[in-house]
Each structure stands twice: as structure tokens, then as C-alpha cells.
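>
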Amino acid sequence: MAVRLFDHPFDPWALVRERERQLPLERLGACSVFAGRMRDFNEAEDIRAMFLEHYPGMTERELERIVAEAEARWPSITCEVAHRVGAVEPSETLVLVAVWSAHRVAARDACAEILERLKHEAPFWKRERLTDGTERWVEQNTPGH
Amino acid sequence: MAVRLFDHPFDPWALVRERERQLPLERLGACSVFAGRMRDFNEAEDIRAMFLEHYPGMTERELERIVAEAEARWPSITCEVAHRVGAVEPSETLVLVAVWSAHRVAARDACAEILERLKHEAPFWKRERLTDGTERWVEQNTPGH
Amino acid sequence: MTITIQYFARLREDIGRDRDEIAPTEELRTVGDLWQHLHGDPPTRLMAAVNQAHARLDTPVRDGDEVAFFPPVTGG
Amino acid sequence: MTITIQYFARLREDIGRDRDEIAPTEELRTVGDLWQHLHGDPPTRLMAAVNQAHARLDTPVRDGDEVAFFPPVTGG
Chain X
8 MAVRLFDHPF DPWALVRERE RQLPLERLGA CSVFAGRMRD FNEAEDIRAM
58 FLEHYPGMTE RELERIVAEA EARWPSITCE VAHRVGAVEP SETLVLVAVW
108 SAHRVAARDA CAEILERLKH EAPFWKRERL TDGTERWVEQ NTPGH
Chain C
8 MAVRLFDHPF DPWALVRERE RQLPLERLGA CSVFAGRMRD FNEAEDIRAM
58 FLEHYPGMTE RELERIVAEA EARWPSITCE VAHRVGAVEP SETLVLVAVW
108 SAHRVAARDA CAEILERLKH EAPFWKRERL TDGTERWVEQ NTPGH
Chain G
980 MTITIQYFAR LREDIGRDRD EIAPTEELRT VGDLWQHLHG DPPTRLMAAV
1030 NQAHARLDTP VRDGDEVAFF PPVTGG
Chain Y
980 MTITIQYFAR LREDIGRDRD EIAPTEELRT VGDLWQHLHG DPPTRLMAAV
1030 NQAHARLDTP VRDGDEVAFF PPVTGG
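Residue numbers (this note's numbering), protein chains in the order written: chain X, 8 to 152; chain C, 8 to 152; chain G, 980 to 1055; chain Y, 980 to 1055.
(1) Check whether the Cβ atoms of arginine 134/X and tryptophan 144/X lie closer than 8 Å to each other.
(2) Please report the residue range of the alpha helix (DSSP H) in which aspartate 999/Y lies.
(3) Identify the residues that DSSP records as bridge partners of valine 104/X: which are they?
(4) Beta strand (DSSP E) containing histidine 61/X: first to last residue?
(5) Residues of chain C with CB under 8 Å from phenylalanine 1049/Y, in chain order?
(6) Using DSSP with H/G/I as helix, E/B as strand and the rest coil, what is tryptophan 81/C?
(7) List the residues of chain X whose Cβ lies closer than 8 Å to the Cβ of cysteine 86/C, in chain order.
(8) Measure the beta-carbon distance from phenylalanine 13/X to arginine 91/X and round it to whole angstroms, keeping in mind my assumption that it falls under 8 Å.
(9) Establish whether the CB of arginine 44/C and some CB of chain X are separated by less than 8 Å.
(10) So is threonine 1053/G in contact with chain X if we call contact Cβ pairs under 8 Å?
(11) Any C-beta of chain Y within less than 8 Å: which residues of the segment 81-106 of chain C qualify?
(12) Would the beta-carbon of glutamate 99/X fall within 8 Å of that of valine 23/X?
(13) Compare the C-beta of leucine 59/X against all C-beta atoms of chain C and say whether one is closer than 8 Å.
(14) Does the beta carbon of tryptophan 20/C come closer than 8 Å to any beta carbon on chain Y?
(15) On the DSSP letters alone, give me the boundaries of the beta strand (DSSP E) that leucine 12/X sits inside.
(16) Report the neighbours of glutamate 33/C on chain X: residues whose CB is nearer than 8 Å to its CB, in chain order.
(17) Between which two residues does the beta strand (DSSP E) holding glutamine 1015/G run?
(18) Let me know the secondary structure DSSP gives arginine 1024/G once reduced to three states.
(19) When the distance is taken between beta carbons, is leucine 990/Y closer than 8 Å to proline 1050/Y?
(20) Enumerate in chain order the residues of its own chain whose CB-to-CB distance from isoleucine 84/X is below 8 Å, with the five nearest sequence positions on each side excluded.
(21) For glycine 135/C, which residues does DSSP report across the bridge?
(22) Out of Ala119/C, Thr138/C and Ala89/C, which has the shortest C-alpha to C-alpha gap to phenylalanine 131/C?
(23) Per DSSP, what kind of secondary structure is alanine 94/X in: helix, strand or coil?
(24) Quick one: which residues of the segment 1001-1030 of chain G get their C-beta closer than 7 Å to a C-beta of chain X? List them in chain order.
(25) Against chain C, with Cβ distances strictly below 8 Å, would arginine 115/X count as a contact?
(26) At which residues does the beta strand (DSSP E) containing valine 1052/G begin and terminate?
(27) With a threshold of 7 Å (Cβ to nearest heavy atom), would alanine 42/X be considered close to the ligand HEM?
(28) So, is threonine 1053/G buried or exposed, given that buried needs 16 or more other C-beta atoms within 10 angstroms?
(29) Inspect the beta-carbon positions of phenylalanine 41/C and arginine 80/X and report whether they are closer than 8 Å.
(30) Check this for me: beta carbons of arginine 28/C and aspartate 47/X, under 8 Å apart or not?
(31) From aspartate 53/X to glutamate 96/X, what does the alpha carbon distance come to, in whole angstroms?
(32) Name the one or two DSSP bridge partners that proline 1039/Y has.
(33) To the nearest angstrom, how far is the alpha carbon of glycine 1011/G from that of histidine 1033/G?
(34) Suppose contacts are defined by Cβ-Cβ distances below 8 Å. Is arginine 44/X in contact with leucine 32/C by that definition?
(35) Can you tell me whether DSSP reads histidine 1033/Y as helix, strand or coil?
(36) Starting from glutamine 985/Y and walking both ways along the beta strand (DSSP E), at which residues does that stretch end?
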């Protein structure tokens, strides 16, 4: 398990490749990855920037719990989770979930499950700054199952 | 759409990153990727190497058709598909499917659908060489839905 | 000792401060008791944590606990 | 002209060659007719293509077509 928070832009593919250098890929036939980026629009409004508030301490504990519960449910998987905090610009990566497994169904299902639980359980809150200068809190994540 | 065949090892994360340099990531909030590697075991047998036979011409047409049909079903997506052919060693990447979309559900569903259709429709055939020197054709892909 | 109470995101802005401290009493037995005592009836979709783990309004609290209140999370 | 017929993977090895060429006749109307004429009853799970697109045993063939027979595909 590896869980990381970044207060600056990070390259998700460099993270995945770096992790794979330490993994026995000859036994892990499947890798499923999700990368979420900041869009410059949301609900028909133009977004200029975003601030990601979080709850230091609880954030790390929640991410580790979510990953640990996925590893208990799909015992063969290996996971990497990263998330931005603080000020974010459009097109920067907000979240990365990577799951390796011997078989594709476990990798795919675990990757989707970790992302959905992260979105509904990990203590992050998005504050958007619109192009007209006003700011607003994002009220709720949409269901993705 | 981009479909590529490689007769030599390729770095899936470099391909994804290279493609992203040409994409408007500020509009594509979600990226779902699957990378399939050659394992050194299959059905309890130790595998030393693999040869991927394919049907030149039909392979490219099938991959392009599969991607085009996914793009028709999920109109917002952008796709990248790569596949190895020829001699492959354990831990090398066999297949890459990357899908970008504004929203995560389309990216995830299209990535899974393209991979499953590729596995059951694109004309590739795996021949495995076991550690005892014998060779065998893989008879059938397992269902992954 | 005391119970510390933290607020996050929109809730912190609405309340106008990022934390409270409160001395435990016999009447303040649960997360919900704390909110009621400080702010009245809880809003819908109020989320809470005790010692950095998700909690409900009926989760018990005791001296020294770190309690947090926040709106629905929106990460990822 | 002729109809060319290609074989792939285990099927190519079992048949012992990678292609046949056959002159079209009135009786050879479908993919299945070609297989029956050359090899007898088709095996279960036989896959076929006409002009590099998936086909069935009842898919019609005509002069100049590129036909292929192969076992279940195992890519990805």
C-alpha cells in the first residue's frame, strides 16, 4: 500500500512507473489506473482555479483504511493512491488510483471501488473560483457506480 | 483515435503521457487506463516466453472498429490502444487501453468495454513456451465482464 | 481536559471559526449532543468524525476526544 | 481470379499450410461451403473472416475475396 498527498503538481504516470520498478510485474498481469484532472468547467460554469481543503491526519487515515479494505476484499492486489491538496489549476491531476493484480477483473473492480469510496469518504473539500471572480464550495460528488 | 502495434517492447506510461501532450486535459477530467503484462505463469504452469501471432491488416481494422464503436457509444471519449505482436518476454506490456473523458463513468466503462472486445474479437493468438521447453497455443480468453 | 471540536470547509465559514473547545459534562454524551449544545438543531447532511474516524450523531464522546464537523466530502 | 483462404495459429499448424487458393464455382457460395469443400465438417468454435472482417459460416463469398479461418482469438 502507498498513499501520498501532494501540495504541488505531480505526474501520475511517473508515479506509476516509479512504483512498477519495485513490483514483480511478471506476476501482476493487470494494471488498472484512474487519473482525475481539474476541469475548467463544472455544471456549465467556467472555473479558473480550485482550492482543495482537507483534514490533515484524518485524510491519510481514511485513504489508508480505504486501500486496506480493498486489499482485504481482493487479496491479490497492490495499490498506489495519490491526491492533491491546496491550490490547483485546470488540467492538473487531482487524484491517482493505480491497482495491480494477477487478473484484470480484480484490478478493474478494486480501482473503481477505491475511487468511489475516496470520493465519498475521504475528507477533502473543493472550493472553486469562477472566471468572474466569485468563489463557491462544491456541494456534493456525483454517484459514479 | 489512435491504434498502434509494436513488435518490440514499449513503455505504456510514456505512450499515455505523449498522447496527453496533444489533449485538452482541462476538458478531460477523467482518464482510465488498463495495461496488460505477460505473466510468467498461466493455469499453474511456468511460462518462459510467448509469441503473439496476428492477422496483419485485419488486426488494425478490428482495433479501429472496436474503438470507433466505443466512440459512437460514449461520444465524449478519446482513446489510445496499443498491442504487442511477435516474441514477448515476461513482464513486458502486451496491451494498453487508455480512455479520456469529461466524466469518470464513461472513461471507466469505455476502457473496460474496449479491452473485453479486443480480447474476444481482435485477431491475436498467443503461443506460450513453458520452462520445460514445450510450446502450446492458449485456447481461449476468459470472460472478464 | 477538554473536547476539541474542529470545523471544515463551508461549515467553518458559516460558523465563523475553525474550532471550539468544550468542557465535558454529564449531558454531553454524544457527537449530536455537542452540536446541539453549540449550534442548535443539526443541518441535513452534516458529517462528523471522532478521533479522525467517521462518526454519527449518536457516537459517544468522552474527555480528550478530537471531534470534527464538516459538509459532504468532495475529493477525487 | 480466385478466392484466397488463409489459416492462422493452431489451425494453420493442424492443416499444415498457411493458405489455399480456390477457383470459385456455383456450389461454393458461403464461407461454410469453402471449409466443407476443403476440410469436411467444421470444428466447433471455428472463426472466420471475409475481406478482413468477422464472418460466419453462412456469409456469402465471391470471386476475389480474402477469406480467413482461425481458432478463438486470445489477444490482450
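Built from N, CA and C at the ideal position, the CB exists for glycine as well.
Reading from the atomic positions:
(1) Locating residue 134/X in the first sequence gives position 127, counting from the first residue. Locating residue 144/X in the first sequence gives position 137, counting from the first residue. The answer is yes: Cβ separation under 8 Å.
(2) As a working mapping, residue 999/Y is identified with position 20 in the fourth sequence. Not the alpha helix (DSSP H): aspartate 999/Y falls in the beta strand (DSSP E), residues 998-1001.
(3) Within the first sequence, numbered from 1, the residue matching residue 104/X stands at position 97. For valine 104/X, which the question treats as bridged, DSSP gives the partners Phe41/X and Val88/X.
(4) In the first sequence, counting from the first residue as 1, residue 61/X sits at position 54. Segment 52-61, the beta strand (DSSP E) holding histidine 61/X.
(5) As a position in the fourth sequence, residue 1049/Y is number 70, starting the count at 1. Chain C residues near phenylalanine 1049/Y: Tyr62, Pro130 and Trp132.
(6) Residue mapping note: residue 81/C aligns to position 74 of the second sequence, counting from 1. Reduced to three states, the DSSP call for tryptophan 81/C is coil.
(7) On the second sequence, residue 86/C is found 79 positions in, with the first residue counted as 1. Going along chain X, no residue has its Cβ under 8 Å from cysteine 86/C, so there is no contact; the nearest lies around 15 Å.
(8) Residue 13/X sits at position 6 when you count from the first residue of the first sequence. Residue 91/X sits at position 84 when you count from the first residue of the first sequence. Their Cβ separation, rounded to whole angstroms, is 5 Å, which keeps phenylalanine 13/X and arginine 91/X in contact under 8 Å.
(9) On the second sequence, position 37 is the one that residue 44/C refers to. Judged by the 8 Å Cβ criterion, arginine 44/C is in contact with chain X.
(10) For the purposes of this step, residue 1053/G is taken as residue 74 along the third sequence, with counting starting at 1. By this cut-off, threonine 1053/G is an interface position.
(11) His90, Leu101 and Val102
(12) By 1-based counting over the first sequence, the position of residue 99/X is 92. By 1-based counting over the first sequence, the position of residue 23/X is 16. Going by C-beta atoms, glutamate 99/X is not nearer than 8 Å to valine 23/X.
(13) By 1-based counting over the first sequence, the position of residue 59/X is 52. For leucine 59/X, the answer is no, since every Cβ of chain C falls outside 8 Å of its Cβ.
(14) By one-based count along the second sequence, residue 20/C stands at place 13. For tryptophan 20/C, the answer is no, since every Cβ of chain Y falls outside 8 Å of its Cβ.
(15) Your numbering for residue 12/X matches position 5 in the first sequence. First-last of the beta strand (DSSP E) with leucine 12/X: 9-13.
(16) Along the second sequence, read from residue 1 onward, the residue named residue 33/C stands at position 26. Here the neighbours are Arg44, Met45, Arg46, Asp47, Pro97 and Ser98.
(17) As a first step, residue 1015/G is located in the third sequence; it is residue number 36 there, counting from the start. Where glutamine 1015/G is concerned, there is no enclosing beta strand (DSSP E), although the alpha helix (DSSP H) it sits in stretches over 1010-1018.
(18) Start at 1 with the first residue of the third sequence, and residue 1024/G comes out as number 45. Here arginine 1024/G sits in coil by DSSP.
(19) One-based indexing of the fourth sequence puts residue 1050/Y at position 71. One-based indexing of the fourth sequence puts residue 990/Y at position 11. Yes, these two residues count as a Cβ contact at 8 Å.
(20) Counting from one through the first sequence, the residue named residue 84/X turns up at place 77. Cβ neighbours of isoleucine 84/X beyond the five flanking positions: Ala77, Glu78, Val106, Trp107, Ser108, Ala113, Ala114 and Ala117.
(21) Residue 135/C sits at position 128 when you count from the first residue of the second sequence. Strictly speaking, residue 135/C in this sequence is glutamate, with glycine absent from that position. DSSP lists Met57/C and Arg143/C as partners of glutamate 135/C.
(22) For this step, residue 131/C is matched to residue 124 along the second sequence. Checked all of Ala119/C, Thr138/C and Ala89/C; the closest Cα to phenylalanine 131/C is Ala89/C.
(23) Numbered from 1 along the first sequence, position 87 holds the residue referred to as residue 94/X. In the structure shown, alanine 94/X sits in a strand (DSSP, three-state: E or B).
(24) Ala1028
(25) For the purposes of this step, residue 115/X is taken as residue 108 along the first sequence, with counting starting at 1. So yes, arginine 115/X belongs to the interface.
(26) Along the third sequence, read from residue 1 onward, the residue named residue 1052/G stands at position 73. Unbroken run through valine 1052/G: none, as it is neither H nor E.
(27) In the structure on display, the ligand HEM does not appear, and there are no ligands present to speak of.
(28) Taking the third sequence and counting its residues from 1, one reaches residue 1053/G at position 74. Threonine 1053/G should be labelled buried.
(29) Counting from 1 along the second sequence, the entry for residue 41/C is found at position 34. Counting from 1 along the first sequence, the entry for residue 80/X is found at position 73. Cβ distance not < 8 Å, so phenylalanine 41/C and arginine 80/X don't count as in contact.
(30) Indexing the second sequence from 1 puts residue 28/C at position 21. Indexing the first sequence from 1 puts residue 47/X at position 40. Cβ atoms of arginine 28/C and aspartate 47/X: not closer than 8 Å.
(31) Position 46 of the first sequence, counting from 1, holds the residue named residue 53/X. Position 89 of the first sequence, counting from 1, holds the residue named residue 96/X. Going by the C-alpha atoms only, they are around 13 Å apart.
(32) As a first step, residue 1039/Y must be located in the fourth sequence, where it is residue number 60. Proline 1039/Y pairs with Thr1009/Y.
(33) As a first step, residue 1011/G is located in the third sequence; it is residue number 32 there, counting from the start. As a first step, residue 1033/G is located in the third sequence; it is residue number 54 there, counting from the start. Going from the Cα of glycine 1011/G to the Cα of histidine 1033/G covers about 13 Å.
(34) Taking the first residue of the first sequence as position 1, residue 44/X is located at position 37. Taking the first residue of the second sequence as position 1, residue 32/C is located at position 25. In this structure, leucine 32/C lies closer than 8 Å to arginine 44/X by Cβ.
(35) Within the fourth sequence, residue 1033/Y is the residue found at index 54, counting from 1. Of the three classes helix, strand and coil, the one that applies to histidine 1033/Y here is strand, per DSSP.
(36) Residue numbering aside, residue 985/Y sits at position 6 when the fourth sequence is read from its first letter. Element bounds for glutamine 985/Y: 982-986.
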